[in-house]
Every structure is written in C-alpha cells, then in structure tokens.
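Residue numbers (the working numbering), protein chains in the order written: chain A, 25 to 351; chain B, 25 to 351. For each residue, glycine too, the CB sits at the ideal point set by N, CA and C.
Number of protein chains: 2
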Amino acid sequence: MSDSTSKSEYLIGVDLGGTKILAGVFDKNLKCLGRTKMSTKAERGVSSVIERVGHCVRDVVDECDLKLDQVRAVGIGAPGAVNRVTGHVIFAPNLKWQNVPLKKELEKDLGVPVFLENDCNGCTLGVYETELKGKPRNVIGIFVGTGIGGGIIVNGEMFRGFNHTAGEIGHMVLQIDGPKCGCGNKGCLEALASRTAIFKRIESAVKAGQKTVLTEMLGEDLKDLRSGDLRKAIRKGDKFVDKVIEDAAEYIGIAIGNLINIFNPEIVVLGGGVIDALEDEMMPIIIEVAHDFAMSGTADGIEIVASKVGDDAGILGGAVLARRESK
Amino acid sequence: MSDSTSKSEYLIGVDLGGTKILAGVFDKNLKCLGRTKMSTKAERGVSSVIERVGHCVRDVVDECDLKLDQVRAVGIGAPGAVNRVTGHVIFAPNLKWQNVPLKKELEKDLGVPVFLENDCNGCTLGVYETELKGKPRNVIGIFVGTGIGGGIIVNGEMFRGFNHTAGEIGHMVLQIDGPKCGCGNKGCLEALASRTAIFKRIESAVKAGQKTVLTEMLGEDLKDLRSGDLRKAIRKGDKFVDKVIEDAAEYIGIAIGNLINIFNPEIVVLGGGVIDALEDEMMPIIIEVAHDFAMSGTADGIEIVASKVGDDAGILGGAVLARRESK
Numbered sequence: 025m026s027d028s029t030s031k032s033e034y035l036i037g038v039d040l041g042g043t044k045i046l047a048g049v050f051d052k053n054l055k056c057l058g059r060t061k062m063s064t065k066a067e068r069g070v071s072s073v074i075e076r077v078g079h080c081v082r083d084v085v086d087e088c089d090l091k092l093d094q095v096r097a098v099g100i101g102a103p104g105a106v107n108r109v110t111g112h113v114i115f116a117p118n119l120k121w122q123n124v125p126l127k128k129e130l131e132k133d134l135g136v137p138v139f140l141e142n143d144c145n146g147c148t149l150g151v152y153e154t155e156l157k158g159k160p161r162n163v164i165g166i167f168v169g170t171g172i173g174g175g176i177i178v179n180g181e182m183f184r185g186f187n188h189t190a191g192e193i194g195h196m197v198l199q200i201d202g203p204k205c206g207c208g209n210k211g212c213l214e215a216l217a218s219r220t221a222i223f224k225r226i227e228s229a230v231k232a233g234q235k236t237v238l239t240e241m242l243g244e245d246l247k248d249l250r251s252g253d254l255r256k257a258i259r260k261g262d263k264f265v266d267k268v269i270e271d272a273a274e275y276i277g278i279a280i281g282n283l284i285n286i287f288n289p290e291i292v293v294l295g296g297g298v299i300d301a302l303e304d305e306m307m308p309i310i311i312e313v314a315h316d317f318a319m320s321g322t323a324d325g326i327e328i329v330a331s332k333v334g335d336d337a338g339i340l341g342g343a344v345l346a347r348r349e350s351k
Numbered sequence: 025m026s027d028s029t030s031k032s033e034y035l036i037g038v039d040l041g042g043t044k045i046l047a048g049v050f051d052k053n054l055k056c057l058g059r060t061k062m063s064t065k066a067e068r069g070v071s072s073v074i075e076r077v078g079h080c081v082r083d084v085v086d087e088c089d090l091k092l093d094q095v096r097a098v099g100i101g102a103p104g105a106v107n108r109v110t111g112h113v114i115f116a117p118n119l120k121w122q123n124v125p126l127k128k129e130l131e132k133d134l135g136v137p138v139f140l141e142n143d144c145n146g147c148t149l150g151v152y153e154t155e156l157k158g159k160p161r162n163v164i165g166i167f168v169g170t171g172i173g174g175g176i177i178v179n180g181e182m183f184r185g186f187n188h189t190a191g192e193i194g195h196m197v198l199q200i201d202g203p204k205c206g207c208g209n210k211g212c213l214e215a216l217a218s219r220t221a222i223f224k225r226i227e228s229a230v231k232a233g234q235k236t237v238l239t240e241m242l243g244e245d246l247k248d249l250r251s252g253d254l255r256k257a258i259r260k261g262d263k264f265v266d267k268v269i270e271d272a273a274e275y276i277g278i279a280i281g282n283l284i285n286i287f288n289p290e291i292v293v294l295g296g297g298v299i300d301a302l303e304d305e306m307m308p309i310i311i312e313v314a315h316d317f318a319m320s321g322t323a324d325g326i327e328i329v330a331s332k333v334g335d336d337a338g339i340l341g342g343a344v345l346a347r348r349e350s351k
C-alpha cells in the first residue's frame, strides 16, 4: 500500500496513434515504471477507441502494481488538431475523428484528471524537458514516421498558435509539383520524406523492375517492410535504397534550412521511427543540407540533433504534459 | 522655440535600403511631420553611407523646423541581419556590409540615441503598432519588393530567434528545382515572386518573342519598368502580364499556407512595393491559395490583409522602434 506522501504521485503518458495505443506509468522524476501497447482499431468507432485507451491505462497501472487513485494525472497525445482548453480532438484524419470530447470522456471513465495535446507537440515537450533539460528557449521538434509532424517551443513554452494547430511542419510545401500528399496538396515534406513516402517510392520502383536486396529479404510484395529493413539493405550495399534514403534526408534538411531562415531556433531535434532506425545514415546529410539552405550566418551555433528517447517520446511527452498541467 | 515639455519628444524613423535612404520625423503619436529621401550610393563604401544617413536625418529635422536636441531617438531599419543589442549590421548583401557598428557611428554623428532593427522586422513593427493597434498576439508581416522579407511577432513582441535573423520568409524554398535565388539556393519564394523575379520572367519572355503592351508603353528594353506598369498592363487586358502576376500571387499564397500550417498566426499582413501597386490583382488570389494550402481547420478566422501604410512602412517602423526602445 502506498503511504500518504506517495499517493497520487504517478503520471501516465498515453500515445494515441492511428494504429496503436501506448501507455506508460512514470514516477515524478519521469522514470518509466512500465508500458503497455494495444492496437487502436479506429474502424470500431470513437467510443470503442476511447474505451480501449481507458483499458490500456488500467492495464499499465495494474502492471506496475498500482491503483488509479495513485495517479496524479494522465497526459495524452492525439494525432491531429486538438483544443487543449476544452479537451476536444478537433480533427484527426487517421482516426477519422472530428470534435471528440476526449478529455471529458476519459476523465469520466478513469476518475483522474486528463490533459490533451497534439501528439508531436507532446513528443517535443517530452524531449524538451528530459533530453534538453528545459534549457534552450526556442526549439523545433520534427518527428518522422508514418507522417511527419512537429512541435515548436518559444520562450520555454509550447507554441500552439491561433487555432491550436501550430507545428504542422510535415505540411510545408517544398516542391509545388511534387508527389500528392494525404492532406490534398502536392509536394509537402510529408509526401517527400515520411515512411509512407519512402515505402511508396520503393514499392513503385520495384514494380517497375528495380533490383534491391529488400525483395530478397522480404519477398516481391514487400508487405512486411519496416524502417529497420532499409538500414539493413543499406548496410548490405544496396545503392538504390541508399539513394532513396539520401533523398529523404535531403528533403528534411531543406525543410530545416527553411525553418532556420524563418524561425531561427536554438536547436532542432529530430525523432520518430524513421530517424530512430536510420539515424547514422540520415543525420549527417540532414545537417549538411540544412546548413547549405540556411542563409549565411543564420545557422551559426544552431544544433541539429537526433533524440535518443525513441518510441518512448509520445508517452514521455504525455507524462511531462500531465506533470506540467497538474501542478 | 520648443518649451520644456516638448523637448526631445520627436522620433525619427530611417529606412536604409540598397538604393535609397528614407527618413521621417514623427510626433509621439506617430503622426508623420515630414520626410526626406536620398540615394544610398552603397558603392562609395560604409563611411560614406553612414554619413549620408546622418545627412538625411539632419535634413528632415531641419525641414520640420526642428533641431536635433528635440529628437528623442532615431530608429533605423537596415536590409540584412542585425544585432540590435550591439547595434551592428552583421550582414547586408545589398549594401555589401559586414559587421558594421551602425548604431555607434550614427550616435557619434548625431548625438541622439539610435536603435537598429532588420528592415522587415521594422516594417512589421510599424504596421503592428499603427494599423493593427498592437492587438493581435501573433502576427507575420511579409514585404514584397526588390526582395521578399518578413517579420514575426510572438506574444506582442518582435521574435528575432537565436542569431537575430528570424523572419527571412523570402528564403523559404517552395520549389526545390526552381529558379536561382540571390542567396545561392533555388526556388526560394524571393526567386519566384519578388519584383526582381517578376521582372526577370517578363524580360526573358519578351526577348523570346512574347507580345505585351509593356513594350508599347516602355519600349523593347523595358528598362524603366515599375510595378505600377504591370497594373496598367493588366487593366489594359494584357493576358501575359496577368498570368505572371497570378503566378507570383499563387507562390505567395502557398508560402502563407505553409506559414499557417507551421506557425498559425492570428493575422498575416502584406506590404511592399509589389503589393502596394497590385493589391487588387494579387490579394484575392493570395488569400484563396493560402486557404487551399493550409490544412483543414488551421486557417479558420486567420486574417490575410494588405497593409495601407505603403512606402511609409519602413520609416514608421523606425519611429515605433525609437519610441519602444527609448521608453
């Protein structure tokens, strides 16, 4: 049993994604005590997904031999535009959600305060408070996975903008006549350098007869392709995969050059599955190209680094949010 | 003669450009009492230009029947990266300046406090305090002239970033393989939609045989071409010029869509010679395209407007800077 001083001191971070829900229990020093994972099953509808989030939270609390009344707050990152004041998910295309009162529903279910944030804002906040120790004043976080999202910290605080949607770095157009993006535009960073974009390019090249060790590893249909396989292919000397990843890294570098010209942050931190798997291959190119595209003198002393928190960025961000907001 | 209460209450704004220097005297309510203009003659070197700025300030003060000891402060916008703390112009390619102690030199010359800012930051500040009455919290200013520059206001304050260079919106790459930009990259907004870019496109089309009323108006070499001539040509039904301006407006609209996705400001305000001359032709396209390129829900309620201050933006910005900094 917990004594009175330890009561309600645990924090839960939840990473609600289009395909999976991750939940983690953290102590007040942001040490992770346990994690659970569950598929989202967005196709079952809003109430079902909210129920699954609640389920996931109860499971991880139980896994850590705790009870819900020992939890101070839950912080949750959702994949879309959120209104953190009302606690609504305004728009989340991957979940097919519009105007869902996630905070209210989860608080009703769990009986614990719930705080909501955009997923990439959450990841940025998590990296900011743990890896960067909250020191730099102005930071941009960029997360490269299925899509590409970001978060902006100004003067040590999350910058959300007028409609709470700031940080959609993946939808910066870099190539007006470029490939079609899920958002409806063409040539967004996300359509050029996300995992989805990289896989699409590889699949259509293979269909057109391109040789690659990936098909030897995974079969012609490449249906189980993961970011880690790309790293393996490059290390086996696959020039084609190497070029695809080099191009993606260049696009990310140009986007960062743009952001340095416009926003001039102190540090740009990158994360997400693609960067986690291909850090060694991509980061040197990203850094070089970003410096090439930033105007003379604007990038001096600005750091461009890969985060080390990996898959935990989302749940860590949720925990940081829970700690910040429940103070 | 001024009485003791009116002593040192006047503000001077200076707009130091690559080709001309503008100076204006303002009262404490930012009413303009007089203006002077002088060519920059950057080719004569740093000391000569600084001397000319001093000359221009003395002239406008005299023009308004005032004396320098009635001036509270001078605010000056310079075309490049500045360090407003040390008062150095770090880098100004149009002037061929590097690390020039402009504040110190001008203060020595004039005996009045001098405050320095990047020109487009100054223009944004001027528009913000006068037209927008300092009300919106987050604003982006975009100025389209020979080049394209911008300024960002966050929480009511100028946002300068780590190297004091934030706001270089003209050097956002929109078209990776696009036309060469003065900064060395390709496809920057400035290389697609500045007056320089527009004129280049017209001149090379005319050389290639394109028919336009501009050559009837100005002769085959188009050497006296100005933004206002483009408006006249469009109003005379010139489809070619209409298309060139439509394209430039589209590029600016895409850039604003990007900025809404990334930064989500409350208002985007446009100015500069090209917008001043072609507001009716360009603004409807800019607004429509920006909304098309902003993600669903992100642009709701965000205003995109043309400034009404025209050529005065720079000197007005200087006066606002002088008032803010000398408080």
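Q) Whose C-beta lies closer than 6 Å to the C-beta of residue 339 of chain A among residues of the same chain, with five residues either side of it excluded? A) 37, 39, 46, 48.
Q. Distance, Cα to Cα, residue 172 of chain A vs residue 214 of chain A?
A. Distance between the alpha carbons of residue 172 of chain A and residue 214 of chain A: 5 Å.
Q) Are the Cβ atoms of residue 88 of chain A and residue 57 of chain A separated by less than 8 Å? A) Yes. Within cutoff.
Q. Using the beta-carbon of each residue, which ones in chain B are nearer than 9 Å to residue 289 of chain A?
A. For a Cβ distance threshold of 9 Å, residue set 185, 186, 190 of chain B lies close to residue 289 of chain A, ordered along the chain.
Q. Which residues of chain B have a Cβ atom closer than 7 Å to the Cβ of residue 278 of chain A, listed in chain order?
A. Close to residue 278 of chain A, with beta-carbon spacing below 7 Å, are these residues of chain B in chain order: 197, 200.
Q: Put residue 172 of chain A into one of helix, strand or coil per three-state DSSP.
A: In this structure, residue 172 of chain A counts as strand in the three-state DSSP scheme.
Q. Does the beta-carbon distance from residue 246 of chain B to residue 270 of chain B come in below 8 Å?
A. Remark: C-beta atoms of residue 246 of chain B and residue 270 of chain B do not approach each other more closely than 8 Å.
Q) Does residue 105 of chain A get closer than 8 Å to chain B when you measure Cβ to Cβ? A) Yes, its Cβ sits closer than 8 Å to a Cβ of chain B.
**Q.** Within 9 Å of chain B by C-beta, residues of the segment 303-331 of chain A in sequence order
**A.** Residues of the segment 303-331 of chain A whose Cβ lies closer than 9 Å to any Cβ of chain B, in chain order: 316, 317, 318, 319, 320, 321, 322, 323, 324, 325, 326.
Q) Regarding residue 175 of chain B and the ligand MG, is the C-beta to nearest heavy atom distance less than 7 Å? A) As far as ligands go, the structure on display features none, and thus does not contain the ligand MG.
Q.
Once the 5 residues before and after residue 220 of chain A are set aside, which same chain residues still bring their CB inside 6 Å of it?
A. Same-chain partners within the cutoff: 170.
Q) How would you list, in chain order, the residues of chain B whose beta-carbon sits under 7 Å from the beta-carbon of residue 207 of chain A? A) Within chain B, the residues whose beta carbon sits less than 7 Å from that of residue 207 of chain A are 319, listed in sequence order.
Q. With distances taken from CA atoms, which of B/97, B/224, B/142 is nearest residue 130 of chain B?
A. Of the listed residues, the one whose Cα sits closest to residue 130 of chain B is B/97.
(Q) Any beta carbon from chain A within less than 8 Å of residue 193 of chain B's own beta carbon? (A) So yes, residue 193 of chain B belongs to the interface.
**Q.** Residues that residue 162 of chain A contacts on chain B, provided the C-beta gap is smaller than 7 Å
**A.** The contact set of residue 162 of chain A on chain B, defined by CB atoms closer than 7 Å, consists of 185, 186 in chain order.
Q.
For chain B, check one thing: does any of its Cβ atoms lie closer than 8 Å to the Cβ of residue 286 of chain A?
A. Look at residue 286 of chain A: its C-beta is under 8 Å from a C-beta on chain B.
**Q.** Environment of residue 68 of chain B [buried if 16+ CB atoms lie within 10 Å]
**A.** Exposed: under 16 other Cβ atoms inside 10 Å.
Q: Please report how far the alpha carbon of residue 249 of chain B lies from the alpha carbon of residue 204 of chain B, in whole angstroms.
A: If I take the Cα positions, the gap works out to 22 Å.
Q) In chain order, what residues of the same chain have a beta carbon less than 8 Å from the beta carbon of residue 182 of chain A, not counting five sequence neighbours either side? A) So the list reads 141, 145, 148, 149, 175, 176, once near-sequence residues are dropped.
Q) Are residue 257 of chain A and residue 217 of chain A closer than 8 Å when you measure CB to CB? A) With contacts defined as CB atoms closer than 8 Å, residue 257 of chain A and residue 217 of chain A fail to qualify as a contacting pair.
Q. So what does residue 140 of chain A bridge to, in DSSP terms?
A. Within the DSSP secondary-structure output, residue 140 of chain A pairs in a beta bridge with A/100.
Q | is_contact[residue 178 of chain A, chain B] using C-beta, thresh 8 Å | A | With 8 Å as the cut-off, residue 178 of chain A counts as an interface residue toward chain B.
Q: Out of A/32, A/299, A/154, A/93, point me to the one whose CA is closest to residue 254 of chain A's CA.
A: Put simply, of A/32, A/299, A/154, A/93 the residue whose alpha carbon is nearest the alpha carbon of residue 254 of chain A is A/299.
Q. Nearest chain A C-beta to residue 114 of chain B closer than 8 Å, yes or no?
A. Interface annotation, residue 114 of chain B: in contact with chain A, CB-CB separation under 8 Å.
Q: Within the same chain, show all residues whose beta-carbon is closer than 7 Å to that of residue 290 of chain B, passing over the 5 residues directly before and after it, in chain order.
A: Hits under 7 Å: 160, 161, 162, 163, 326.
**Q.** Separation of residue 63 of chain A from residue 356 of chain B, as counted between CA atoms
**A.** The structure shown has nothing for residue 356 of chain B, since chain B only spans 25 to 351.
Q) Comparing the C-beta of residue 118 of chain B with each C-beta of chain A, is any distance below 8 Å? A) So, not an interface residue.
Q. Does any CB atom of chain C fall closer than 8 Å to the CB of residue 282 of chain A?
A. Among the protein chains of the structure shown, namely A and B, there is no chain C.
Q | With 16 other Cβ atoms within 10 Å as the buried cut-off, status of residue 244 of chain B | A | In summary, residue 244 of chain B is exposed, with fewer than 16 beta-carbon neighbours lying within 10 Å of its beta-carbon over all protein chains present.
Q: Can you give me the Cβ contacts of residue 108 of chain A inside the same chain, cut-off strictly under 8 Å, excluding the 5 residues immediately before and after it?
A: These residues qualify, in order along the chain: 139, 140, 141, 184, 188.
Q: Counting only the same chain and skipping the five closest in sequence on each side, list residues whose C-beta sits under 6 Å from that of residue 74 of chain B.
A: Correct list, in chain order: 129.
(Q) With distance defined between alpha-carbon atoms, name the residue in B/333, B/143, B/82 nearest to residue 21 of chain B. (A) No information on residue 21 of chain B is available, as it lies outside the stretch 25 to 351 that chain B covers here.
Q.
Quick check on residue 209 of chain A: buried or exposed, where buried means 16 or more other Cβ atoms within 10 Å of its Cβ?
A. Of the residues assessed, residue 209 of chain A falls on the buried side of the cut-off, its CB having 16 or more other CB atoms within 10 angstroms.
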